[in-house]
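Everything below concerns the one structure shown next.
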Amino acid sequence: MTVQPIRLFGDPVLRTPADPVVDFDVELRKLVEDLTDTMREQGGAGLAAPQLGVGLRVFTFDVDDVLGHLVNPVLEFPDEEEQDGPEGCLSIPGLYFDTKRRQNVIAKGFNGYGDPMQIVGTGLMARCVQHETDHLDGVLFLDRLDAAGRKEAMKAIRQAEWYDAAAPPTVKLSPHAAGSPFGLGR
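Throughout the sequence shown, residue numbering follows our numbering, covering 321 to 506 in sequence.
What follows is the structure in structure tokens.
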């Protein structure tokens, strides 16, 4: 088991879009192992490489007894149905805010060996896949909150034990406009 430290809100790597994986090699598979071990140790539903400080498009998930990973994900939404519910993040520990997401998603990508794969998710799996793919785009779930929700979240973050006032975090609006492939823009 190789548990790694998780980057916290305010770390610039969390706001930097990750690069596509081009080498499906032993180093990638080691990264997937580290992501999986860290996610499971922390009790998360998912973890993206930027959360470990690695700027590559890969994430792991553990939802409803389904453990896996996806490299270079591309999301498709089969319908317009939405869900709204509490969402948290291992990079924003202990805080949860109601966040709108699509109810259903199809995520296409690759495994650690470069074999094509697809995840069809609904509910929590769909939320997880969207959340982790956002991380790969430099987007945090806070960016998907309305103005009042972001204000509440920032207040809670400033009061959190782990918050570092010397490195003030920024919140940005999601770059994914309504109707974009990632949907749910505000």
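Cβ coordinates follow ideal geometry from the N, Cα and C atoms, glycine included.
Nothing here was measured: the structure is a model prediction, and the numbers come from that model.
Helix, strand or coil at residue i [DSSP, three-state]
| i | result |
| --- | --- |
| valine 323 | coil |
| threonine 453 | helix |
| phenylalanine 461 | helix |
| aspartate 354 | helix |
| serine 500 | Note on serine 500: pLDDT 32, under 50, position unreliable in the model; the coordinate value appears next. Serine 500: coil per DSSP, three-state reduction. |
| proline 413 | strand |
| arginine 506 | No answer about arginine 506 holds up, because its pLDDT of 24 lies below 50 and its placement is not dependable. |
| serine 494 | Any answer about serine 494 is weak, because its pLDDT of 41 lies below 50 and its placement is not dependable; what the coordinates show is given next. Of the three classes helix, strand and coil, the one that applies to serine 494 here is coil, per DSSP. |
| alanine 485 | coil |
| leucine 334 | helix |
| leucine 328 | coil |
Endpoints, alpha helix (DSSP H) assigned at residue i
| i | result |
| --- | --- |
| alanine 427 | Element bounds for alanine 427: not the alpha helix (DSSP H) but the beta strand (DSSP E), 424-430. |
| glycine 469 | 467-479 |
Distance CB(residue i)-CB(residue j) smaller than 8 Å
| i | j | result |
| --- | --- | --- |
| glutamate 452 | arginine 422 | no |
| glycine 366 | phenylalanine 417 | no |
| valine 333 | glycine 373 | yes |
| aspartate 339 | arginine 377 | yes |
| leucine 462 | proline 370 | no |
| glycine 429 | valine 394 | yes |
| alanine 485 | valine 449 | no |
| asparagine 392 | valine 440 | no |
Extent of the continuous beta strand (DSSP E) run through residue i
| i | result |
| --- | --- |
| glycine 405 | 402-409 |
| glycine 441 | 436-442 |
Beta-bridge partners of residue i, as assigned by DSSP
| i | result |
| --- | --- |
| arginine 421 | Gln403 |
| aspartate 339 | Leu376 |
Residue i beta carbon near the ligand FMN (any heavy atom closer than 7 Å)
| i | result |
| --- | --- |
| arginine 360 | Of ligands this structure carries none, so the ligand FMN is not represented either. |
Contiguous beta strand (DSSP E) assignments of at least 3 residues, all confined to the segment 356-409: 366-368, 378-383, 386-396 and 402-409
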